[in-house]
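Accompanying notes for the structure given below.
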Amino acid sequence: MSNNETKNPILFFMQESWLLLVSAILFGCLLACLSAAWQPKIIQNEIDKFNALAGGLLSEAKGFQNAGESISVDIGKGKTYSVRVKKGTDAAGNLVGWAFVCEGSGFADKIKLVVATDAAFEKLAGFGVLSSNETPGFGDKITIKDGFYQSQFKGAPVTELELTKVGDAETIDSRIVAISGATVTSEAVVKTFNTFLLPIKEAMAEQGLL
Amino acid sequence: MVLASVMELVNNAWPAALLALGLGSLFALILLIASIKLRVVVDPKIDAVHKALPNIDCGACGFAGCASYAKAVVTNPELLGKCAPGGSDTSNAIAGILNLQMSGSGAPMRPVIHCRACEQDKTYFADYDGIIGCTSANAQPNVQACAFGCLGYGGCVRRCRFDALHIIDGLAVIDYEKCTGCGACARGCPRELIEMVPFTQDIMMTVACNSKEGGKNTRTFCKVGCIGCGLCSKQCDLFTTENNLARLDFARYEPSEAAQTAMDKCPTGNIVFRGKNAPAPREAGQKPAASAK
Amino acid sequence: MVLGSGFYVLSFHENDKLNISKGLNKMSKDVSLGKTFFAGIWDSNPVLRLLLGMCPTLAVTAAVKPALTMGLSVVFVLLFSNIVVSLLRHQLKPHLRILMFTLTIATAVTIADLYLKAFMPEMSASLGPYIPLIIVNCIIIGRAEACASKNGLIVSIIDALGMGAGFTITLCVLAAIREVLATGNIFEITVMPGSFTPWAAMGMPVGAFITLGLILGAVNIISKKTA
Amino acid sequence: MLSKITVSPAPHISQKLSTQRVMGDVIIGLLPAMAAAIWFFRLQAALVILTCVTACMASEWICGVIRKKENSLWDLSAVVAGLILAFSLPPAIPLWAAVIGSAFAIVICKMLFGGLGANIFNPAMAARAFLTASFGMLMTTWTVPATVDSAMPHISATNTATVTQATPLAWAKSAIKGKAEVTEANGLLKNTFWGNVGGCLGETSSLALLIGGVYLLIRRTITFHIPAAVLIAAGVFAAVFYFVNPDKYSDPLLHLFGGGMLICAFFIATDPVTAPLSIKGMWIFGAGAGALIMLIRLAGEYPEGVMYAILIMNAVTPLIDRACKLVPAGGKPHVQ
Amino acid sequence: MAEIRGKFTFPGGTHPPENKHFSENRSIEPVSVPKQVAVLLSQHLGAVCVPTVAKKEAVLAGQMIGKSDAFVSAAIHSPVNGTVKDITLLPHPVIGRTMGIVIDVDAENNEIKQPVNGQFDKTFNPENYTVEQICRAVKEGGIVGMGGAGFPTRVKIEPNPAMPKEILLINACECEPFITCDYRVMLEWTWQFLAGVRLAARAAGCEKIRIGIEDNKPEAIEVLTNAVKELGGKEDIRVVPVKTKYPQGGERQLIQSVLGKTVPTGSIPPTIGVCVLNVGTCAAIAEAVATGNSLTHRVVTVAGCAIAKPGNYYVPIGMRVEDLIAYCGGLTETAAKVVMGGPMMGFAIADLSTPLTKTSGALTFLTKAAVTRAKHEKQQTPCIRCGRCLTVCPEHLNPTRIAHAVKYFRMDIAQDYYLSACIECGCCSYVCPANIEITGYIKTGKLLQARAKRRLG
Amino acid sequence: MPTPVAAGVNSWFLNKFELERLEMDTLQTLLLGFIGIVLVNNLVLTKFLGICPFLGVSGRLDMAFGMGLAVTFVVTLAGTLTWIIDHVFLIGTSLEVMRYLCFILVIAGAVQLVEMYLRKFFPALYESFGIFLPLITTNCAILGLCLFVNLWGIDNLLEAVVLSVGAGIGFTLAICIMAGIRENLELADVPECLQGAPITLITAGVLTLAFMGFAGMIR
Ligand SMILES: Cc1cc2nc3c(=O)[nH]c(=O)nc-3n(C[C@H](O)[C@H](O)[C@H](O)COP(=O)(O)O)c2cc1C
Ligand SMILES: Cc1cc2nc3c(=O)[nH]c(=O)nc-3n(C[C@H](O)[C@H](O)[C@H](O)COP(=O)(O)O)c2cc1C
Ligand SMILES: Cc1cc2nc3c(=O)[nH]c(=O)nc-3n(C[C@H](O)[C@H](O)[C@H](O)COP(=O)(O)O)c2cc1C
Ligand SMILES: Cc1cc2nc3c(=O)[nH]c(=O)nc-3n(C[C@H](O)[C@H](O)[C@H](O)CO)c2cc1C
Ligand code: SF4
Ligand code: SF4
Ligand code: SF4
Ligand code: SF4
Ligand code: FES
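Residue numbers (numbering that gives the first Met the number 0), protein chains in the order written: chain S, 0 to 209; chain A, 0 to 292; chain L, 0 to 226; chain D, 0 to 335; chain E, 0 to 456; chain B, 0 to 218.
Rendered as structure tokens:
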């Protein structure tokens with residue numbers, strides 16, 4: 000071994016590590032191929048999930064397409080979040096509403112929401128949760144589809160929303176009643192709406208979408 | 000068609016393959032160079048010995064753990080054979096690693112307890128009311144009339160990691176099936192009643208008393224104590240009597256007529272067998288077998 | 000790295016040490032295939048006896064479904080790495096052995112991750128980074144080092160299956176307990192009476208740690224009784 | 000002649016003091032608070048207290064039987080744990096939840112660690128934390144004391160039928176949002192002192208707790224160090240904020256008398272088992288607890304921080320003990 | 000009489016009930032000669048003596064019957080005229096069965112030995128004796144510390160160039176409950192005691208003499224103060240009242256209280272130039288130097304509810320406990336414990352045939368009621384970490400930690416928390432509400448450690 | 000002039016209590032992120048990362064501290080390196096599929112290199128904390144942190160570094176607390192079947208309950 004070392008380092012290197020190198024190439028190829036084969040499916044999964052959530056909110060919508068440029072929303076701390084608004088169309092291709100993904104910080108972690116509005120961007124069609132890590136039994140109640148919390152957003156006006164602890168959850172207005180014991184999560188959702196709704200509306204108007 | 004899809008695959012795969020190759024060779028190179036340039040000479044024997052040990056860190060060898068024993072035994076092969084739990088297998092394996100021959104008789108060391116006084120055989124002057132433990136009890140003298148016998152608070156039991164010792168009827172009793180000969184019990188006894196002896200036989204004869212008290216006192220203090228009468232040493236040269244106490248030379252012991260006679264003649268039934276499946280000793284106070292003849 | 004696990008052994012409590020060394024001994028001494036398989040399930044169960052792979056054990060057992068998925072992913076990765084390592088075992092060079100293991104395992108894990116993302120997106124999302132963390136699960140590299148690099152293909156496969164099964168079963172048992180108490184359901188089927196108020200804490204880290212602690216205690220009792 | 004004499008190591012005499020007596024004193028110290036609880040919350044309170052104490056004692060007894068240990072029931076520590084747990088539960092807690100909490104306290108937090116004296120965490124607080132994590136809703140439903148005039152402002156009937164009232168601290172917390180509510184919260188101060196407010200069973204009446212605390216101090220069951228450290232640290236913390244911005248932060252007195260502060264200072268932080276041994280350690284422990292309570296109250300997500308502050312300080316108690324290791328009277332020996 | 004309040008004290012300590020009333024007003028009474036005495040060959044720290052007499056040999060009172068050539072050792076003497084009956088194992092109050100010499104008393108030819116205090120008065124002049132003379136007398140008289148530890152006194156007072164002594168501190172605290180022997184010696188043998196003090200100071204080369212005495216003994220303080228005045232200030236002697244607190248009499252504590260100095264952990268007083276002697280020891284020095292008598296008798300306090308006639312007795316060393324009990328009218332029905340020494344540090348005796356030794360300053364007879372709650376495991380609870388033991392420990396240790404470390408055989412931890420710095424005063428056990436035998440565990444720990452060391456060595 | 004740290008703390012307070020949203024400067028973000036990952040999102044107690052050493056090396060305080068230092072060192076190194084690799088090589092070239100492979104190779108290689116280096120040139124340092132290094136490669140906390148940094152979409156290097164250091168310190172904190180507790184439990188009458196790992200897990204469970212107190216302090 001010490002002979003090899005001194006005589007021909009390259010040969011020595013190859014002797015020691017050819018197996019590793021060959022496997023590296025093989026494994027690299029393997030992964031690339033698998034990825035190539037499955038990537039479309041993975042992307043489709045995401046689209047499907049969005050469509051399922053947004054479709055659940057805008058029941059007439061049959062499909063969603065990107066509309067306009069992506070919009071940069073200031074989410075504080077000097078950071079921005081880029082939103083791609085999608086246009087929901089019915090079978091005939093008519094505009095039935097808008098939907099987009101946005102996020103805010105919840106109790107435990109980030110909460111990603113799908114928010115949908117009517118065609119005029121005047122009234123909310125509600126929201127769905129794309130991902131959240133809130134405490135089971137507390138914050139994760141926002142993920143209950145058509146639960147009392149989610150329902151309050153169906154038909155609420157696109158304005159500054161307000162969270163209250165006590166109130167009537169039945170009336171649909173800009174006052175949102177918090178989930179008892181999960182004020183933080185409830186507030187995070189409301190805050191997310193407030194951060195995104197109006198800037199997006201403005202930007203869409205600028206882009207001439209509205 | 001086929002070619003096209005192969006081309007596409009290759010097209011997809013080359014960057015990944017290249018990246019993997021690049022990283023792979025980079026690290027392979029670095030590690031190779033490092034392993035040569037930064038080599039620290041550690042005796043590979045230490046590692047090998049460590050692996051051969053049972054790795055339970057019981058401390059029987061007298062070192063802080065298997066790792067430090069490994070280090071020690073490599074530098075000083077005389078320490079071979081100290082790992083009791085590993086037994087001869089381990090010793091042989093280490094000897095193999097160190098290219099040594101295991102020497103010596105190799106009779107396993109096992110503990111014997113030099114006392115056979117159960118609760119009803121003992122005399123007490125007072126009630127001991129303190130910490131349950133032999134060292135503590137021994138620090139309150141004269142509670143138990145015999146200052147040499149087993150206190151029965153299990154100082155040894157607590158040391159044994161192999162559940163091989165139990166207090167039965169006020170006396171520590173060794174379960175030779177479970178005992179590994181680690182010697183921890185001997186270190187745990189404040190009265191130094193436990194002696195590690197070479198078990199040249201499956202069952203060993205022993206004088207189960209430690210009392211250096213004169214015969215008269217021993218008789219009043221304990222029903223089964225050795226009174227130092229010297230009958231055994233007259234029968235068999237394996238026995239010696241000194242300081243009012245008989246002792247057996249364990250290293251030379253093997254079963255013999257003479258030894259058996261000595262045992263039978265003992266007026267207090269103090270010479271007994273110890274070991275796996277040892278026969279039960281004569282009952283306390285029972286007449287010597289010889290006189291029954 | 001296996002030396003690494005050896006080191007943990009040094010600093011563990013006596014209780015654990017005896018368990019671990021018993022487990023490791025059993026592993027190396029057993030020869031028959033059946034025994035090899037069952038060793039992984041009880042005598043040297045990776046979680047309960049060797050205390051390896053605790054992170055995923057705790058992290059994914061809030062419910063049975065992710066636990067099962069995790070278990071099966073580990074089985075896949077174990078199989079993959081054991082097979083590859085076993086096949087290449089004569090070619091391994093000392094300095095780069097570990098690098099080779101790592102490479103193999105990372106590949107297998109990436110495959111598993113891609114598969115989950117493609118075909119079980121929900122599951123993939125809920126398992127989050129714990130699937131890629133299989134790479135550093137000591138069980139896998141431990142088996143590669145201790146079994147696959149010394150044994151033939153068949154033994155390695157059986158070993159992987161046994162270890163994997165032991166891991167999966169443990170995860171599922173733990174998850175079942177936690178899921179029932181935390182939600183009243185199991186596999187999303189309600190099993191507790193309607194009046195049962197779920198113990199949300201069981202779904203949180205507390206529940207994970209305490210339940211696993213109690214299970215380990217129970218295993219200690221059982222193994223002491225049967226020893 | 001005489002019967003057998005006994006022998007044991009010195010000393011042969013001892014002070015007339017026993018664990019049972021120490022615990023008994025704590026129980027006596029808790030009596031005023033118990034009376035207040037029963038006065039304000041009536042039958043509910045009595046039932047919860049009874050359930051917790053019984054369940055704790057039962058758990059202790061069962062664990063003793065299983066471990067085949069000397070019956071440790073009569074050292075009364077389980078009774079104290081049960082009382083403290085009951086006092087830190089909301090009055091409307093269902094009794095089954097109280098039983099789960101008691102079992103968690105005694106079995107998981109005390110007996111598994113080796114029983115009295117070995118537990119790292121305060122059993123009652125750990126159990127409360129477990130209940131809070133499990134049954135958040137139940138643990139934040141505050142019934143109105145039976146003595147309260149239902150026309151008082153902060154009483155609301157939510158979706159459920161129970162009439163609930165926000166606790167003073169909850170008001171102080173939401174008060175951060177508006178001046179009017181701060182004043183209102185401050186107006187609560189008098190009621191808070193007497194106990195005429197919503198809250199956990201044992202925490203509402205500051206007066207009762209003070210009486211009990213003084214009793215313990217007089218009996219020397221506790222020393223003044225921990226309570227003083229807790230109250231001073233919390234008081235200073237709260238006062239700084241109050242004087243910087245009285246419009247937004249409530250009166251420090253509300254923080255001292257509101258919520259679990261007093262029961263914490265006199266009965267919980269002083270739990271000898273989970274507090275440091277040395278005097279210096281006690282000061283650190285108490286000050287840490289006081290500061291953490293205020294940090295959680297003012298900056299955290301919860302209106303009250305006693306339970307978490309205590310648990311966190313319990314966790315670092317071994318480290319505090321180590322840091323405050325005593326130096327022998329003759330200085331550290333040169334060679335050990 | 001003006002009330003005297005000690006100003007000085009040390010941090011820590013506790014206040015067990017003093018219980019001195021049993022014997023404090025009873026003057027020293029010589030006891031009649033028993034039929035047999037048993038003189039132990041091991042009565043002090045250091046080497047065990049070798050008998051210098053044989054079985055059946057006749058011995059005279061004061062005759063040396065055992066000696067050792069070791070430096071740290073002291074000879075032993077027969078207290079009576081008689082014949083050696085046996086040299087055998089005998090019960091020792093502290094170390095179990097050890098060799099001793101049993102002497103049958105020659106009943107016709109024995110008188111009760113009377114104290115020699117009458118031979119001393121204020122005119123006694125220590126300058127009449129050279130340092131060598133004093134040291135030889137102390138050595139030949141077999142004098143050992145009578146305050147408890149039994150360290151050979153000669154070693155303590157002999158000039159040692161390596162550790163020059165400046166201050167002689169007389170330990171007159173007698174802080175243990177029940178014990179009054181030193182108090183009576185100070186009251187009745189005042190001049191003999193002071194003679195001893197001055198002789199010791201001369202031998203040790205100490206310029207200053209301080210007598211530390213607890214303020215619960217105002218009479219003794221007054222008597223001594225007056226006597227010192229009468230001496231006329233030739234020497235720098237001061238009587239220093241200190242606060243009554245247990246263990247004020249611990250030498251490290253007393254040095255802290257009286258001199259404001261601390262003895263470094265693990266060291267002995269001479270390292271800071273202090274020599275500490277007990278009252279009884281000084282009296283013995285005076286007797287040995289002035290009359291040539293060896294240490295064969297000492298004052299023993301007999302106290303407690305369980306004995307018929309408590310008092311202070313002048314007893315031959317080697318008298319058996321049972322004989323003294325008989326002389327004092329026997330035990331009462333309620334007796335539960337016989338303690339050699341006081342209740343805080345004394346040794347409970349199991350075998351009443353145990354002979355008295357040079358260090359046995361008292362026999363305390365405790366009833367069940369006095370042994371408040373018998374301290375045994377059944378009545379213990381686990382430690383509730385109340386910290387009381389830390390507060391009272393005069394050595395500022397963490398007794399509970401040490402005790403638990405010993406309990407779980409973690410000698411490394413015990414040592415880390417200064418196991419060996421414990422003076423075994425018993426304060427921690429006394430105050431512990433959980434009733435844990437903390438001191439017992441610590442003592443056990445020291446034994447374990449000694450054993451481990453022996454094995455290594 | 001207040002020091003930067005004081006200013007950071009100060010403005011955090013302002014923000015927390017004044018409610019008007021001030022412009023948060025970077026320092027503040029970093030500070031919050033740091034405190035967050037040490038206390039609020041402690042890797043061991045909330046994310047279950049690094050449990051093996053947490054159980055294995057928490058028997059003695061000095062060992063635990065050594066382990067904590069080693070982890071802090073390695074996690075800082077790994078977090079930084081992997082962030083760079085991720086952003087320089089992988090994201091640009093859409094080779095994300097190679098992420099895990101690259102990460103683990105980088106971590107394993109770097110750790111091994113550092114270990115050998117220490118062993119050769121700083122034997123004293125190696126004895127006190129280098130011996131832990133090889134164990135750490137198979138420690139979830141390292142790879143986990145790298146993955147979380149990626150998952151949270153941390154897009155600047157400084158933040159990644161601060162989070163990495165914080166993660167290491169959080170680990171050190173948790174393991175030292177546990178070591179203190181375990182040293183006490185050694186002198187307690189813990190039921191035999193629970194001694195060792197089981198009681199450590201149960202303690203960790205209650206510890207997570209305690210750390211919930213920090214929840215929501217930083218978001
Ligand atoms: C274990 C635990 C988990 C919690 N999880 C959440 C949560 O996921 N979301 C939330 O908003 N609040 C959660 N909280 C409660 C909040 O910290 C806070 O107390 C609550 O938002 C106050 O709401 P309330 O005013 O309705 O009581 C949790 C509390 C505990 C004790
Ligand atoms: C001893 C004790 C400890 C407590 N600890 C806490 C705590 O840590 N967190 C908490 O939210 N409430 C705790 N509580 C309850 C609160 O003191 C009080 O009930 C609280 O102000 C309730 O406010 P909230 O409205 O919503 O949650 C504790 C109560 C007691 C008696
Ligand atoms: C806790 C404790 C208490 C003691 N109390 C006394 C005491 O009251 N009187 C006394 O003379 N010696 C007492 N001693 C012994 C002294 O420390 C010291 O050994 C003695 O005074 C030395 O004198 P000696 O050699 O003449 O005996 C006590 C020792 C200890 C450890
Ligand atoms: C002053 C004092 C305060 C106590 N406080 C508590 C407490 O807050 N919680 C508790 O469970 N037990 C408490 N106890 C009882 C006992 O110490 C506790 O149950 C132990 O933690 C159990 O090992 C207290 C005891 C005393 C003497
Ligand atoms: S043999 Fe020794 S240690 Fe064992 S019980 Fe007897 S006296 Fe105690
Ligand atoms: S009885 Fe136990 S301790 Fe003694 S030698 Fe045998 S195994 Fe060791
Ligand atoms: S530890 Fe020792 S010195 Fe301290 S109080 Fe206890 S017995 Fe006295
Ligand atoms: S006095 Fe007793 S109960 Fe209190 S800390 Fe000391 S040992 Fe523990
Ligand atoms: S450190 Fe996470 S599984 Fe081992």
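Where is the CB? At the ideal position from N, CA and C, for every residue including glycine.
Bear in mind the structure is a predicted one, so any value in this text is a computation, not a measurement.
With distances taken between CA atoms, S:Ser-179 lies nearest to S:Ala-168 out of S:Asp-172, S:Ala-168 and S:Ser-173. With contacts defined as CB atoms closer than 8 Å, A:Ala-47 and A:Ile-96 qualify as a contacting pair. Annotated as proximal: A:Ala-207 and A:Cys-114, with beta-carbon spacing under 8 Å.
E:Tyr-182: member of the alpha helix (DSSP H) spanning 180 to 187, first to last residue. With respect to chain E, the C-beta atom of A:Ser-67 has no partner C-beta closer than 8 Å. With fewer than 16 other beta carbons inside 10 angstroms of its own, E:Gly-259 counts as exposed. The Cβ atoms of E:Tyr-416 and E:Ile-401 lie closer than 8 Å to each other.
Per DSSP, the continuous alpha helix (DSSP H) segment holding B:Pro-197 begins and ends at 196 to 210. Contact fails between the segment 435 to 452 of chain E and the segment 276 to 284 of chain E, because fewer than three Cβ pairs, one in each stretch, are under 8 Å apart. With a threshold of 16 other beta carbon atoms within 10 Å, B:Gly-91 falls short and is exposed. If you look at L:Asp-158, you'll find it in the alpha helix (DSSP H) that goes 152 to 182.
Interface residue (Cβ-Cβ distance to chain D less than 8 Å): A:Gly-129 is classified as such. Listed as beta-bridge partners of S:Ser-81 by DSSP are S:Ser-71. Not one heavy atom of ligand 9 falls within 7 Å of the beta-carbon of B:Met-66.
Think of a sphere of 9 Å around the beta carbon of A:Gln-119: no beta carbon from chain D falls inside it, the nearest being about 17 Å out.
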